[in-house]
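Protein chains: 2
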Amino acid sequence: VHHASGRHDEKNGMMSRAKVLTIDTMNPTVKKVEYAVRGPIVARAVELERELSEGMKKPFSEVIKANIGDAHAMGQQPITFFRQVLALCSYPELLSDSTFPEDAKSRACSILNSCGGNSMGSYSPSQGIESVRQDVARYIERRDGGVPCDPDNIYLTTGASDGIVTMLKLLVCGEGATRAGVMISIPQYPLYSAALAELGAVQINYYLNEEKFWSLDISELQRALDEARLYCNPRALCIINPGNPTGQVQSRECIEDVIRFAAQERLFLMADEVYQDNVYAEGCQFHSFKKVLFEMGPEYSETVELASFHSTSKCYMGECGFRGGYMEIINMDDDVKAQLTKLLSVRLCPPVPGQALMDLVVNPPQPGEPSYERFIKERTATLSTLAEKAKLTEQVLNTVQGISCNPVQGAMYSFPRITIPEKAVKEATDMGQQPDMFYCMKMLEETGICLVPGSGFGQREGTYHFRMTILPRTDKLKILLNKVQEFHLKFTQQYS
Amino acid sequence: VHHASGRHDEKNGMMSRAKVLTIDTMNPTVKKVEYAVRGPIVARAVELERELSEGMKKPFSEVIKANIGDAHAMGQQPITFFRQVLALCSYPELLSDSTFPEDAKSRACSILNSCGGNSMGSYSPSQGIESVRQDVARYIERRDGGVPCDPDNIYLTTGASDGIVTMLKLLVCGEGATRAGVMISIPQYPLYSAALAELGAVQINYYLNEEKFWSLDISELQRALDEARLYCNPRALCIINPGNPTGQVQSRECIEDVIRFAAQERLFLMADEVYQDNVYAEGCQFHSFKKVLFEMGPEYSETVELASFHSTSKCYMGECGFRGGYMEIINMDDDVKAQLTKLLSVRLCPPVPGQALMDLVVNPPQPGEPSYERFIKERTATLSTLAEKAKLTEQVLNTVQGISCNPVQGAMYSFPRITIPEKAVKEATDMGQQPDMFYCMKMLEETGICLVPGSGFGQREGTYHFRMTILPRTDKLKILLNKVQEFHLKFTQQYS
Ligand SMILES: Cc1ncc(COP(=O)(O)O)c(C=O)c1O
Ligand SMILES: Cc1ncc(COP(=O)(O)O)c(C=O)c1O
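What follows is the structure, given as structure tokens:
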């Protein structure tokens, strides 16, 4: 008893020693961060999977995750050549294995030669391996029809996320009415809103035009900017093209207009081009901001500050887990560039396997090399399957009364608008939930399908959407689309 | 001419369009960041290497980089088993290759089974792959003699750097006299000062005791804290053990005292234990903060908030490029933990190959498995070579008049104190340079040896040091030490 009471005293002692770090004393900007792609719906999906595996009865036999652009998780196969080279780089003893193609070996040797001690286990320069940056520069020149690219403007990153956050970090400054503002599209990829919240910058929303295939109107940019100038210091304009979550592919004219707008209004341009190979719709084509900028002549190409971002995570490779990426920076002030390089050095370097993978993406097998045909076959198969699924998704969703879906011109998502009956809106609101969160949560519980509510990306007041990836295998996608259809009808009836 | 004049007008137009992002308008906290390990000395070393390769004549034939703890870059070989498993995970077709040992294959299969779609190319959960976190927890329990570890407290990170910055980010808050303060040792690993500058927190210096092997005195902690309380809100205490750059290994008593101090003063403890296997000196042993905390009883183990950090970059593996790491978090408030998980989700996940490698580090081959003997042999060879080099470095440096070097008890660095003649101090100061920067820059130009000046880590006013890694191969290390010796004598004569 004495001992127990001694412990009890200790416990009391503990009570009086409140925690150092509590929700009230933690960094307030972190609390403001939101990130819907991995929010409560996904947490519940993981729980449901566990419950299913424990034998619990559910109205479905599996959870289908269409919430995140994670191609391999949905069964997409990696490009053989890329993985062969990565294996060779990881375990160079394999260089004497005759089953590996010669081009894979020579690619592995040249990557290893650029690594300290010929090992992927050494830190690279903070800006990234020099030879990889050179390969990236040559890729950009080919992609952009010969517009020159300086490897010194290339920074390798830990996925595109890292590059985007780093650039935003350089741009924020000021307090009160001079606080830095950054223009982002609505709907947007929530990395942007999350990073701006964390950095304490002002998020300036411009709305994409759902009626016109989610295209960008300059007049809307102007409206948003003019309003924002009253309460903050707008410094940057972010564009996602092809669009996430909209699936929109911007026209060349639109890009020109955006560049003119940025020049006129003195905004730093950030072009998120991680879906640059994901273009499916007829008549659509990817135009890089860099290329358009340079074709507009020196008035623009020598003045407009531009950062563009790419990644190993999307396109035909879908290698998210390796966290590879790069950014290209145009017209950045030299002193700022030195500050950027210094800032990056604190984190030492991006992951070297991701850098190696980025190198392979920008320098894939060439005609005449042993791996060329297989590479082309695999890449084409993946991209044409994605194109089919983009079409299928749009078509099936548009057959459902109360769902209307713009064409999925590119990227990996559809973002259909859904009609939610008044009664359901009220029930959700009474529960303190967004109506489309309520809808998606119900869909998950009843069908096992995991989507992200439109409110996680932003949408015009009073409209509702969900984002769905087109990544599930075609057979599963068909099942999924049928289930969405059934669910939507049932939900509508229930709340009418 | 007309055309040229048109261009000229355009140029004028451009002139009037000043850059958006300049050194004066960029984020002011980024400008305050410093990171000496990759500072001007290293930039000059890279230049010198280029000049040498272009055939320029120098008083040396190669640049030896002893500035950064990058083992593979200095020729250390990776652990065969680790790289075999990574190759198998990268290119699973190799699973049918009979030259790979069975334990490597089964390890690869279990890692792949934990990846979405059985691919390292899928995103993992933001906190890290669940099975890897479980393996980390079991490793910690073994290491700490059975003290329990909950996998929910484990977060996988992009190198230890990422974990450290993330924890600091949670802790900062407040303005003016209530601005968050964080206690760091002097000398310190400059990631800490850099992160605090970027986050706008107050750096509170406590000085390690050079006279007592760089040990930590509680009275000095108290002095630093008492002074800091007058102008900020001290919230956290950071410890690096084994120490970088000091090479010191903390005694069990010292750790107990630190924990008591943190409890009394209500400080969040951050224990940087990335060198936990790098202990060389007789009588020294690594004690984890977690273990000591739990052995001090519930008064401490149930209240003191602790984050400890580990990495794949150091110890016997030295796999820096993979950017693997984990942190364990004890007694963190549940709401704050939820905020942490949310914050991490914005960056999606740490690199999966780094997570796989971390898994292998915490779950290496076991007795009876085919790869066990080779693994032990490789690990032992690396660690005993490091121990020899630690001793050699201390011994040779201490033979030089004007250099005095504490024993390198652990980690990978010596941090000797150097006497710099008055005349040299004056010349440096006149040039606006730190005297030890002046010394190290001269050493680089004359010998090709790249060290980091003590001023990059912090040191007591009026004392000078450099940091030198013990990583060069033994033959090179001997040459290096001789050159340092010669240089120091010459430098001393020159400025006497
Ligand atoms: C538009 C957009 N940008 C950036 C990213 C970040 O990708 P990562 O960090 O994996 O390269 C994503 C991921 O889905 C995205 O959709
Ligand atoms: C004490 C200490 N902590 C953390 C790190 C960061 O290592 P990494 O981010 O490679 O895991 C280092 C690297 O040298 C270090 O010395």
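Residue numbers (UniProt numbering), protein chains in the order written: chain A, 1 to 496; chain B, 1 to 496.
We put the CB at the ideal spot given by N, CA and C, even for glycine.
Quick check on A/V1: buried or exposed, where buried means 16 or more other Cβ atoms within 10 Å of its Cβ?
What you label residue 1 of chain A is simply residue 1 of the first sequence in a count that begins at 1. Per-residue confidence for A/V1 stands at a pLDDT of 30, beneath the threshold of 50, marking its modelled position as unreliable; the derived number appears in the next sentence. Around the beta carbon of A/V1, fewer than 16 other beta carbons sit within 10 angstroms, so the residue counts as exposed.
Beta-carbon gap between A/F466 and A/A36 smaller than 8 Å:
Stepping through the first sequence from its first residue, residue 466 of chain A is reached at position 466. Stepping through the first sequence from its first residue, residue 36 of chain A is reached at position 36. No, the pair does not count as a contact, with Cβ atoms beyond the cut-off.
Near-chain B residues of the segment 330 to 351 of chain A (beta-carbon distance less than 8 Å), N- to C-terminal order
Going along the segment 330 to 351 of chain A in chain order, one finds N331, M332, D333, D335, V336, Q339, K342, L343, S345, V346, R347, L348, C349, P350 and P351 with a Cβ nearer than 8 Å to chain B.
Is the beta carbon of B/I470 closer than 8 Å to that of B/Y439?
In the second sequence, counting from the first residue as 1, residue 439 of chain B sits at position 439. In the second sequence, counting from the first residue as 1, residue 470 of chain B sits at position 470. B/I470 sits away from B/Y439, with the two beta carbons spaced by 8 Å or more.
Using a Cβ-based criterion (distance less than 7 Å to any ligand heavy atom), does B/Y35 qualify as near ligand 2?
Counted from its first residue, the second sequence places residue 35 of chain B at position 35. Incorrect: B/Y35 has no Cβ contact closer than 7 Å to ligand 2.
If we ignore side chains and look at the alpha-carbon of each, how far apart do A/M167 and A/Q355 end up?
Residue mapping note: residue 167 of chain A aligns to position 167 of the first sequence, counting from 1. Residue mapping note: residue 355 of chain A aligns to position 355 of the first sequence, counting from 1. In a straight line, the C-alpha of A/M167 is about 19 Å away from that of A/Q355.
Simplified DSSP assignment, three categories, for A/G354:
The residue labelled residue 354 of chain A in the question sits at position 354 within the first sequence. Helix.
When the cut-off is 8 Å and only beta carbons count, does A/I68 lie next to chain B?
On the first sequence, residue 68 of chain A is found 68 positions in, with the first residue counted as 1. Chain B contact via Cβ: present.
I want to see whether chain A comes within less than 8 Å of B/S90, judged by CB atoms only; does it?
Taking the first residue of the second sequence as position 1, residue 90 of chain B is located at position 90. Yes, B/S90 counts as interfacial toward chain A.
Determine the burial state of A/N113: buried for a count of at least 16 other Cβ atoms within 10 Å of its Cβ, exposed for fewer.
As a first step, residue 113 of chain A must be located in the first sequence, where it is residue number 113. Residue environment: A/N113 is assigned as exposed (fewer than 16 neighbouring CB atoms within 10 Å of its CB, all protein chains considered).
Residues of chain B with CB under 8 Å from A/G321, in chain order?
By one-based count along the first sequence, residue 321 of chain A stands at place 321. For A/G321, the neighbours in chain B by C-beta distance under 8 Å run, in chain order, C115, S119, M120, G121, S122, Y123, S124, C349, P351, V352 and P353.
Which chain B residues sit within Cβ distance under 7 Å of A/G318?
Counted from its first residue, the first sequence places residue 318 of chain A at position 318. Neighbourhood of A/G318 in chain B, by CB distance below 7 Å: G121, in chain order.
Can you name the start and end residues of the alpha helix (DSSP H) that A/R379 belongs to?
As a position in the first sequence, residue 379 of chain A is number 379, starting the count at 1. From DSSP, the alpha helix (DSSP H) with A/R379 extends over Y372 to N398.
Would DSSP call B/M183 helix, strand or coil?
As a position in the second sequence, residue 183 of chain B is number 183, starting the count at 1. Three-state DSSP puts B/M183 in a strand.
Let's test the definition: count the other Cβ atoms within 10 Å of the Cβ of A/R252 and tell me whether it reaches 16, buried, or not, exposed.
Residue mapping note: residue 252 of chain A aligns to position 252 of the first sequence, counting from 1. The residue is exposed, with fewer than 16 neighbouring Cβ atoms inside 10 Å.
Going along the chain, which unbroken runs of the alpha helix (DSSP H) with 4 or more residues stay wholly within the segment 169 to 234 of chain B?
Taken in chain order, the complete alpha helix (DSSP H) segments of 4 residues or longer contained in the segment 169 to 234 of chain B are 191 to 199 and 218 to 229.
Any non-hydrogen atom of ligand 2 closer than 7 Å to B/S313 Cβ
Numbered from its first residue, the second sequence carries residue 313 of chain B at position 313. Distances taken from the Cβ of B/S313 to the heavy atoms of ligand 2 include one shorter than 7 Å.
Going by other Cβ atoms of all chains shown within 10 Å of its Cβ, with 16 needed for buried, is B/D430 buried or exposed?
As a first step, residue 430 of chain B is located in the second sequence; it is residue number 430 there, counting from the start. Exposed.
Who are B/E328's beta bridge partners in DSSP?
The count along the second sequence starts at 1 and reaches residue 328 of chain B at position 328. DSSP lists B/I154 and B/S308 as partners of B/E328.
Who pairs with A/K149 in a beta bridge, going by DSSP?
Against the first sequence, residue 149 of chain A aligns to sequence position 149. A quick correction: the sequence has Cys, not Lys, at residue 149 of chain A. Bridge partners of A/C149 according to DSSP: none are assigned.
If we define contact as Cβ-Cβ less than 8 Å, is A/R223 a contact residue for chain B?
For the purposes of this step, residue 223 of chain A is taken as the residue at position 223 of the first sequence. Not one chain B Cβ lies under 8 Å of A/R223.
Anything in chain A within Cβ reach of B/C238, meaning under 9 Å, just list it in chain order.
Start at 1 with the first residue of the second sequence, and residue 238 of chain B comes out as number 238. Simply none; closest approach about 13 Å.
In whole angstroms, what is the alpha-carbon distance linking A/A263 and A/E295?
Translated into positions along the first sequence, residue 263 of chain A becomes position 263. Translated into positions along the first sequence, residue 295 of chain A becomes position 295. Taking the straight line from one Cα to the other gives about 15 Å.
For B/E49, collect the residues of the same chain with a Cβ closer than 7 Å to its Cβ; drop the 5 residues on either side in sequence, then sort them by chain order.
The count along the second sequence starts at 1 and reaches residue 49 of chain B at position 49. If we look at B/E49 and ignore the five residues flanking it on each side, its Cβ neighbours are V63.
Contact the segment 296 to 307 of chain B vs the segment 243 to 261 of chain B: 3+ CB pairs below 8 Å
The segment 243 to 261 of chain B and the segment 296 to 307 of chain B touch, with three or more beta-carbon pairs separated by less than 8 Å.
Go ahead and pull the three-state DSSP assignment for B/S414.
Residue mapping note: residue 414 of chain B aligns to position 414 of the second sequence, counting from 1. Residue state, collapsed to three classes: strand.
Does B/E210 pass the burial test, meaning 16 or more other C-beta atoms within 10 Å, or should it be called exposed?
Along the second sequence, read from residue 1 onward, the residue named residue 210 of chain B stands at position 210. By the C-beta density criterion, B/E210 is buried, having at least 16 other C-beta atoms within 10 angstroms.
Hey, A/L383 and A/D217: beta-carbon distance below 8 Å or not?
Counted from its first residue, the first sequence places residue 383 of chain A at position 383. Counted from its first residue, the first sequence places residue 217 of chain A at position 217. No, the Cβ-Cβ distance between A/L383 and A/D217 is not below 8 Å.
A/L156 versus chain B: which residues are under 9 Å apart at the beta carbon?
For the purposes of this step, residue 156 of chain A is identified with residue 156 of the first sequence, where counting begins at 1. Within chain B, no residue comes near A/L156; the closest Cβ sits about 12 Å away, beyond 9 Å.
Could you say which of A/A390, A/G146, A/V361 and A/L397 lies nearest to A/F81 if we only look at CA atoms?
Locating residue 81 of chain A in the first sequence gives position 81, where the first residue counts as 1. That would be A/V361, whose Cα lies nearest to the Cα of A/F81.
Using beta carbons (cut-off 8 Å, strictly below), is A/H310 in contact with chain B?
Locating residue 310 of chain A in the first sequence gives position 310, where the first residue counts as 1. Taking 8 Å as the threshold, the shortest C-beta distance from A/H310 to chain B does not fall below it.
Short-range partners of chain B found in the segment 267 to 284 of chain A, where Cβ spacing is below 8 Å
Residues L267 and F268.
Output needed for A/S98: all residues of its chain with C-beta closer than 8 Å, excluding positions within five of it in sequence on either side, in chain order.
As a working note, residue 98 of chain A is residue 98 in the first sequence. Only residues of its own chain outside the window of five on either side were considered, and among them none has a CB closer than 8 Å to the CB of A/S98.
Proximal residues, the segment 136 to 167 of chain B versus chain A, C-beta separation under 8 Å:
So the list reads T158, G159, S161, D162 and V165, given in the order they occur along the chain.
In chain A, what lies closer than 8 Å to B/G176 by C-beta?
By 1-based counting over the second sequence, the position of residue 176 of chain B is 176. Those within 8 Å of B/G176 in chain A number zero; the least Cβ separation is about 13 Å.
How many angstroms separate the CA atom of A/L386 from the CA atom of A/W214?
By one-based count along the first sequence, residue 386 of chain A stands at place 386. By one-based count along the first sequence, residue 214 of chain A stands at place 214. Each residue's Cα considered, the two are about 20 Å apart.
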